[in-house]
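Below: the structure, in structure tokens.
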Amino acid sequence: MKLDTETFRLSERGGFAKKALIAGVIGLVVTVVAWFLDSARFYHAWLTAFAFWISLSLGALFFTMLHHLTGAQWSTVIRRMSESFLAPFPYMAIFFVPIIFGMHDLYHWTHEEAIAHNPILEWKTPYLNQTFFVIRAAIYFAVWIFLSRRLYGFSKAQDEGHSPELLAKMRSTSAWGMVIFALTITFAAFDWLMSMEPMWYSTIFGVYFFSGGLLSAVCLITLTALWLRRRQVLDTAITREHYHDLGKLVFGFIIFWGYIGFSQYMLIWYANIPEETSWYLMRWEGSWKAVSLLMILGYFSIPFLITIFRATKRSLGLLGFMVVWLLLMHWVDMYWLVFPTWSGADGNAHFHWMDLSAVVGIGGIFLWAFWSRYAAGPLVPVRDPKLPQSLSHVNF
Amino acid sequence: MAETKVTPKLEYGMIARFEGPKELLHAAEKVRDEGYTKFDCHSPFPIHGMDDAMGLKQSKVGYISGVGAALGFALGLWLQWWTSAVDYPLVIAGKPFFSYQAFVPVTFGLTVLFGALGAVFGMFHVNRLPQYFHGVFHSDRFPKFSDDAFFVSIEKEDPKYDRSSTMSFLESIGGAEIEVLEGE
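Which chain is which? The protein sequence lines are A and B, in order.
My numbering numbers the first residue of the first sequence as 442 and each following residue consecutively.
My numbering numbers the first residue of the second sequence as 3 and each following residue consecutively.
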């Protein structure tokens, strides 16, 4: 891999796209085999992997819009990276199809007999029915694909020749985009994850899903930059100062995730209403308790105490380790959301190879889509007027 | 004729004026490299890279704030444990006396409060504030530093300080209008 430092274009792209594509295809084939072995288990593993990867794209979408809305300068060098993580959206829409086929295994509210005996579920049918579920998913994807194409389109137009109108358009799109983003991600989290237990509800659930996704997106951007740095790409453009700032965001969003997670827990704990507490009770029994404790300690407490120090954020090795760890924790978080309701579970957490193959399968395609977009053009928005400030950015 | 009392003049150090921010930055580097430690730069606005040029270490305020936050955390937890589990135990909603879940918001609040207080007063401490008087006030020119002037001041306390050699050193690095700070 080689970067032309004048144009910021890769003169030699390396073999990553091919490797990612091969890994993705192998992962998908193995996961299809898993479907024949145990289709219910497969759908849960698939939903976990799907929720993990789409949350990264959603986090990157938020990060891109936040960059435009705040008029940030420092993050201009990583903006194209963030925009390229929006490329997988159409593929993720295709990967949603198995979830439609697996609805019967995933969502209890699709069972006619369950609704017939439950007046509350019956009352919820105008929202929780299969047709509307699919229509809503189509709307979410349409919104996300439209938003990401629009933002990326303006950004590409900037490479041809900069004009102030483009910056204004990116900003105004982000303004209304942020509002519909908030609505769509909230309802997507309600539909895909929360409705697995249709009697349970938590109004903050969408924010919880969003907070983990945003944290992971910042982690993924940091990891990608570090990965490029080892190949001497953008190593002079993305400096320790940028890593320091990314580290601050990682630190801040760890707190945000913990704050939202606890906010949800505390209200339910305090009110102590059986239909609400059952969700946590299920995750506090058997080996799920260990997973819950791992979430508290491994996703919040310990990373909080490690990343609070300036030295951590400026040490590329330690920061790199932390972002990999946090991405792993985010996957465990998705697993923790999805799997307790799996009918085959005996109240304990079980790991299966198809959990891994689904992550590799979707992830391979995700990273292939990312890299195909990112490596094709300049790696930074070369004509953006804020680029010089970003390149020479220094923390006080 | 009234008797005039003569008090010996005290020497505080000296200031030198520089042309602009760039010159001040280079002057700071040279003063640092010469081995001076008790000196300061005065400019109407913050200058990028000045911390490095002056050889300043990372501020300690973060650690003071961290200690404050840890104290606030401990105090918040202790306060609620003492009031609701020891001194006046009341059964609330059938929950244990020491219900740490319910204590989190107050503990969090006190952590933030004491962390913030640590940051503010830590900043006062490392800046040696409040300070009612400083040697640079003896200079009539000095107030212009908040308008359009750039000064380097070296204190007499500095082990390298010597009236004549410091003066010629400041002159050699481009300082103008060098003034010895003296007063009662």
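The C-beta atom is built at its ideal place from N, Cα and C for all residues, glycine as well.
Note that the structure is a prediction, hence the values are computed from the model and not measured.
Query raised in the report: Whose Cβ in chain A lies nearer than 7 Å to the Cβ of H50 (chain B)?
Result: The count along the second sequence starts at 1 and reaches residue 50 (chain B) at position 48. Residues of chain A passing the Cβ test: V835.
Query raised in the report: Under three-state DSSP, which class holds M16 (chain B)?
Result: Stepping through the second sequence from its first residue, residue 16 (chain B) is reached at position 14. Under the three-state reduction of DSSP output, M16 (chain B) falls in the strand class.
Query raised in the report: From which residue to which residue does the beta strand (DSSP E) around G185 (chain B) run?
Result: Counting from 1 along the second sequence, the entry for residue 185 (chain B) is found at position 183. Run containing G185 (chain B): A178 to G185, per the beta strand (DSSP E) assignment.
Query raised in the report: Per DSSP, K146 (chain B) is paired with what?
Result: Residue 146 (chain B) sits at position 144 when you count from the first residue of the second sequence. In DSSP, K146 (chain B) forms no bridge with anything.
**Report entry** Closer than 7 Å to chain B by CB, W725 (chain A)
**Finding:** Working through the first sequence from its first residue, we reach residue 725 (chain A) at position 284. No - not a single Cβ of chain B is within 7 Å of the one on W725 (chain A).
Query raised in the report: Bridge partners of L444 (chain A), per DSSP?
Result: For the purposes of this step, residue 444 (chain A) is taken as residue 3 along the first sequence, with counting starting at 1. In the DSSP assignment, the residues bridged to L444 (chain A) are A:L451.
Requested in this report: For the beta strand (DSSP E) holding E726 (chain A), just list the boundary residues, first then last.
Outcome: Working through the first sequence from its first residue, we reach residue 726 (chain A) at position 285. Premise fails: E726 (chain A) is in no beta strand (DSSP E) and is neither H nor E.
Query raised in the report: Rounded to a whole number of angstroms, what is the C-alpha to C-alpha distance between G693 (chain A) and Y102 (chain B)?
Result: Looking up residue 693 (chain A) in the first sequence gives position 252. Looking up residue 102 (chain B) in the second sequence gives position 100. Those two C-alpha atoms are separated by around 24 Å.
Query raised in the report: What residues from chain B crowd round M868 (chain A), counting only those whose CB sits closer than 8 Å?
Result: Only positions 442 to 837 of chain A appear in the structure, and residue 868 (chain A) is not among them; the question remains open.
**Report entry** Between the CA atoms of H140 (chain B) and D600 (chain A) - distance to the nearest angstrom
**Finding:** Translated into positions along the first sequence, residue 600 (chain A) becomes position 159. Translated into positions along the second sequence, residue 140 (chain B) becomes position 138. Their Cα atoms are separated by approximately 57 Å.
Query raised in the report: With respect to 6 Å, is the separation between the Cβ of G465 (chain A) and the closest non-hydrogen atom of the ligand GDP below this value?
Result: The ligand GDP is absent from the structure shown, which contains no ligands of any kind.
Query raised in the report: Hey, how far is the Cα of F144 (chain B) from the Cα of S45 (chain B)?
Result: For the purposes of this step, residue 144 (chain B) is identified with residue 142 of the second sequence, where counting begins at 1. For the purposes of this step, residue 45 (chain B) is identified with residue 43 of the second sequence, where counting begins at 1. So the two alpha carbons sit approximately 10 Å from each other.
Requested in this report: Under 9 Å between beta-carbons, which chain A residues line up against A104 (chain B)? List them in chain order, please.
Outcome: Numbered from 1 along the second sequence, position 102 holds the residue referred to as residue 104 (chain B). M707, W710 and Y711, listed in chain order.
Query raised in the report: Taking all protein chains shown into account, do 16 or more other C-beta atoms lie within 10 angstroms of the C-beta of D149 (chain B), making it buried, or fewer, making it exposed?
Result: Taking the second sequence and counting its residues from 1, one reaches residue 149 (chain B) at position 147. Exposed, because fewer than 16 other Cβ atoms sit within 10 Å of the Cβ of D149 (chain B).
Requested in this report: Quick one: list the residues of chain A neighbouring G64 (chain B), beta-carbon separation under 8 Å, in chain order.
Outcome: One-based indexing of the second sequence puts residue 64 (chain B) at position 62. The answer, in chain order, is R751.
Query - Helix, strand or coil at F100 (chain B) according to DSSP, with G and I counted as helix - result: Within the second sequence, numbered from 1, the residue matching residue 100 (chain B) stands at position 98. Here F100 (chain B) carries a coil assignment [DSSP, helix/strand/coil].
Report task. Could you have a look at H28 (chain B) and say whether DSSP puts it in helix, strand or coil? Result -> For the purposes of this step, residue 28 (chain B) is identified with residue 26 of the second sequence, where counting begins at 1. Correct three-state label for H28 (chain B): helix.
Requested in this report: Could you tell me the boundaries of the beta strand (DSSP E) in which S155 (chain B) lies?
Outcome: The sequence position of residue 155 (chain B) within the second sequence is 153, counting from 1. Segment F152 to E157, the beta strand (DSSP E) holding S155 (chain B).
Query raised in the report: What's the C-alpha gap between S86 (chain B) and I94 (chain B)?
Result: Position 84 of the second sequence, counted from the start, is the residue given in the question as residue 86 (chain B). Position 92 of the second sequence, counted from the start, is the residue given in the question as residue 94 (chain B). The straight-line gap from Cα to Cα measures roughly 10 Å.
Query raised in the report: Using the beta-carbon of each residue, which ones in chain C are nearer than 8 Å to F703 (chain A)?
Result: The structure shown contains no chain C; the protein chains it does contain are A and B.
Query - Residues that DSSP places opposite H136 (chain B) in a beta bridge - result: On the second sequence, residue 136 (chain B) is found 134 positions in, with the first residue counted as 1. H136 (chain B) is bridged by DSSP to nothing; it lacks a bridge partner.
Query raised in the report: Taking any Cβ of chain A, which residues in the region 76-100 of chain B have a Cβ under 9 Å from it, in chain order?
Result: Listed in sequence order: A95, G96 and K97.
Requested in this report: Drop a sphere of 10 angstroms on the beta-carbon of R19 (chain B), count the other beta-carbons inside from all chains shown, and report buried for 16 or more, exposed for fewer.
Outcome: Here the question's residue 19 (chain B) lines up with position 17 in the second sequence. That one is buried.
Query raised in the report: According to DSSP, is H44 (chain B) helix, strand or coil?
Result: As a position in the second sequence, residue 44 (chain B) is number 42, starting the count at 1. H44 (chain B) sits in a strand when the DSSP states are folded into three classes.
Query raised in the report: For A786 (chain A), which residues of its own chain have a beta-carbon under 8 Å away from its beta-carbon, when the five flanking residues on both sides are left out?
Result: Looking up residue 786 (chain A) in the first sequence gives position 345. Beyond the five residues adjoining it in sequence on each side, A786 (chain A) comes within less than 8 Å, by CB distance, of F780 in the same chain, given in chain order.
**Report entry** Y14 (chain B) vs I156 (chain B) beta-carbon contact at 7 Å
**Finding:** As a first step, residue 14 (chain B) must be located in the second sequence, where it is residue number 12. As a first step, residue 156 (chain B) must be located in the second sequence, where it is residue number 154. Their beta carbons are not under 7 Å apart, which means Y14 (chain B) does not touch I156 (chain B) by this criterion.
Requested in this report: Return the CA-CA distance between L499 (chain A) and G177 (chain B), expressed in angstroms with no decimal places.
Outcome: If you number the first sequence from 1, residue 499 (chain A) lands on position 58. If you number the second sequence from 1, residue 177 (chain B) lands on position 175. If I take the Cα positions, the gap works out to 56 Å.
**Report entry** Cross-strand partners of I94 (chain B) (DSSP beta bridge)
**Finding:** For the purposes of this step, residue 94 (chain B) is identified with residue 92 of the second sequence, where counting begins at 1. Paired residue(s): B:K97.
**Report entry** Given M522 (chain A) as reference, the closest of A:I806, A:L820, A:R755 and A:L828 once Cα atoms are compared
**Finding:** Taking the first sequence and counting its residues from 1, the one referred to as residue 522 (chain A) is at position 81. Taking each of A:I806, A:L820, A:R755 and A:L828 in turn and checking the Cα distance to M522 (chain A), the smallest one comes out for A:L820.
**Report entry** Close Cβ partners of I49 (chain B) (< 7 Å) along its chain, the five nearest in sequence each way excluded
**Finding:** Here residue 49 (chain B) refers to the residue found at position 47 of the second sequence. Sequence-distant partners of I49 (chain B) (beyond 5 residues in either direction) whose C-beta falls short of 7 Å from its own C-beta, in its chain, are P23, L26 and L27.
Query raised in the report: When you compare each of A:L661, A:R450 and A:P605 to W766 (chain A) by their alpha carbons, which one comes out closest?
Result: The residue given as residue 766 (chain A) occupies position 325 in the first sequence. The candidate whose alpha carbon is nearest that of W766 (chain A) is A:L661.
**Report entry** Contact belief for Y684 (chain A) with Y706 (chain A) at Cβ below 8 Å, rounded distance in angstroms
**Finding:** In the first sequence, counting from the first residue as 1, residue 684 (chain A) sits at position 243. In the first sequence, counting from the first residue as 1, residue 706 (chain A) sits at position 265. Separation of the CB atoms of Y684 (chain A) and Y706 (chain A) is rounded to 32 Å, and the pair is thereby denied contact status at 8 Å.
Report task. Might you give, ordered along the chain, the residues of its own chain that have their beta carbon closer than 7 Å to the beta carbon of S525 (chain A), omitting 5 neighbours on each side? Result -> On the first sequence, residue 525 (chain A) is found 84 positions in, with the first residue counted as 1. Apart from the 5 residues on each side of it in sequence, S525 (chain A) sits with its Cβ closer than 7 Å to the Cβ of F811, R814 and Y815 in its chain, given in chain order.
**Report entry** Three-state secondary structure (DSSP) of M169 (chain B)
**Finding:** For the purposes of this step, residue 169 (chain B) is taken as the residue at position 167 of the second sequence. Looking at M169 (chain B) - three-state DSSP - the assignment turns out to be helix.
Query raised in the report: Below 7 Å between beta carbons: does that hold for F646 (chain A) and I626 (chain A)?
Result: Taking the first residue of the first sequence as position 1, residue 646 (chain A) is located at position 205. Taking the first residue of the first sequence as position 1, residue 626 (chain A) is located at position 185. Their beta carbons are not under 7 Å apart, which means F646 (chain A) does not touch I626 (chain A) by this criterion.
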